[in-house]
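One structure is given below, encoded as structure tokens.
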Amino acid sequence: MTETADTADTAETGRRRRAGYDGTGPGSITPDGCAVELYERLPVGDEPDVIARLVPAGAHILELGCGTGRVTHALLDRGFTVTAVDESPEMLERVRGARTVCSPIEELDLGTRFGVVMLASFLVHAGDPEVRQGLLRACRRHVAEDGVVLIQREPEDAHTRVPRERRVAGGGVIRVVSAEPAGPGVNAIRCEYDFPGARWTQTFLSRPLTPREFEAALAGAGLAVESYATEDGTWVRAVPARAPRHS
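Heads up, the sequence shown stops at 250 in the working numbering, and the numbers go up one at a time, no gaps.
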């Protein structure tokens, strides 16, 4: 059974669409343009295996931006405890077996620390730098001093290898159709999702980050890279930054 915790906003329609984000298709669309019914259909990838390799067995994970629980459920199956956070109550209705918290990540303050905090789904590439820093500050606010923050970064060619498509289980096709400039250093990414009997689109803002820019953003939130944990550099273990020692 899902335990629902503090709710920052209980009505999907009570939150305005984020500027530069949009979505179309059957069912509810969240403030960042995600379609709830689409995310129920999307299969989980290798994220749970990567996460299980990078954190202690049985850890309590604070998952920021859990959606419908695609990764959440796989982590629970592997013996982890998960507190799952999302700003969409309709997304959270699909999450099973985890404590859920309905809140924008930037505003989250649970008053407790976790051994593992996870910011996946390339959320660190938010188009608005202030939103990005708000996400990272939420990570720092909730990670234990001896804990770790797992962050998923975009592949280096995410904005240049377009158009591209891939097929997924269930007969779906995911297309990244375009990446067009939408302001200084930020692109509008348009995606199409074709599944049997349904079609969705999503447009969102994404800001490419070089390793130097990424590490500077972490430093601004009191975090530091411990390691680029996968060969392609898309998964990062970050830790609380240590204050310099003075002689």
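C-beta: ideal position from N, C-alpha, C; glycine also.
Because the structure is a prediction, the values reported are computed rather than measured.
Whole angstroms are fine: how far does the CA of residue j sit from the CA of residue i?
i: Y24; j: A62; result: 34 Å
i: R102; j: V74; result: 14 Å
i: R210; j: R144; result: 23 Å
i: G225; j: G72; result: 28 Å
i: I177; j: V165; result: 12 Å
i: E40; j: D80; result: 22 Å
i: H249; j: L122; result: Low confidence applies to H249: its pLDDT is 48, below 50, so where it sits in the model is not reliable, and the reading given next is rough at best. About 33 Å.
i: R156; j: R245; result: 23 Å
Taking its Cβ as the centre, do 16 or more other Cβ atoms sit within 10 Å of residue i, making it buried, or is it exposed?
i: G200; result: exposed
i: G68; result: buried
i: A38; result: buried
i: P214; result: exposed
i: T33; result: buried
i: T163; result: exposed
i: E6; result: Residue placement at E6 is poorly supported in this model, since its pLDDT is 39, which falls under 50; the coordinates are not used for a value here.
i: R135; result: buried
Kindly list the residues whose CB is nearer than 7 Å to the CB of residue i, restricted to its own chain and excluding five residues on each side of it in sequence; keep chain order.
i: P158; result: D235, T237
i: L221; result: L139, A227, V228, A241
Among the residues of its own chain, which have a CB less than 6 Å from the CB of residue i, if the five just before and after it don't count?
i: Y231; result: V239
i: V147; result: Looking at the sequence shown, residue 147 is not Val but Ala. Within the same chain, A147 has close Cβ partners R116, G118.
i: E195; result: R178, V180, T204
Does DSSP put residue i in a helix, a strand or coil?
i: A105; result: Residue 105 is actually Cys in this sequence, not Ala. Reduced to three states, the DSSP call for C105 is strand.
i: P243; result: strand
i: R21; result: coil
i: L122; result: strand
i: H128; result: helix
i: A38; result: strand
i: E148; result: strand
Please return the same chain residues whose Cβ sits closer than 8 Å to the Cβ of residue i, not counting the five positions on each side in sequence.
i: G173; result: R44, P46, F198, P199
i: G150; result: R116, F117, G118, V119, V120, V242, P243
i: G188; result: R210, P211
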